[in-house]
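Please read the structure below before turning to the comments.
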């Protein structure tokens, strides 16, 4: 985990909470939290250590880029976390790629190469048949 990125996300979350959260008061106090402090003011080892339901539902969705960066650190299966698309392995170059369908065998680059090779073979077969006639 990149600590510089974590600190950057944490500071952006704090700024968003100070400026936009209706429950945020002076000195980082919060009406909804049991401890009385806003979740952003509490330092933890990991970002999802403290989660405020009000902040997650009403404040954070306004900043989609920050929300996506924040949710990267949440465990798989968290309700707000978007599931990643299924990765497939390219049959030609053995690289991982996001498949668009369950029948996809090749990445975008290799699919173009494969189409070119098939077109070449098809044309050669056609030329052989024409020369026989």
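In my numbering, the protein residues as written are 10 to 142.
Even glycine gets a Cβ: it sits at the ideal position worked out from N, Cα and C.
Just so we're clear, the structure is a prediction, and the values are computed from it rather than from any experiment.
Exposed or buried, which one is residue i when buried takes at least 16 other CB atoms within 10 Å?
| i | result |
| --- | --- |
| residue 68 | buried |
| residue 118 | exposed |
| residue 26 | buried |
| residue 22 | buried |
Using the C-alpha atoms, what's the distance from residue j back to residue i?
| i | j | result |
| --- | --- | --- |
| residue 105 | residue 74 | 25 Å |
| residue 97 | residue 71 | 33 Å |
| residue 227 | residue 140 | The shown model of the chain, from 10 to 142, leaves out residue 227, and the question about it has no answer. |
Judging by CA-CA distance, which residue of the options is the nearest neighbour of residue i?
| i | options | result |
| --- | --- | --- |
| residue 110 | 120, 122, 95 and 124 | 95 |
| residue 28 | 136, 79, 125 and 64 | 64 |
| residue 61 | 138, 115 and 30 | 30 |
Helix, strand or coil, according to DSSP, for residue i in the structure here?
| i | result |
| --- | --- |
| residue 20 | helix |
| residue 79 | helix |
| residue 63 | helix |
| residue 29 | helix |
| residue 119 | helix |
| residue 140 | helix |
### Task
Determine, using beta-carbon pairs with one atom in the stretch 26-39 and one in the stretch 100-109, whether at least three such pairs fall under 8 Å.
no
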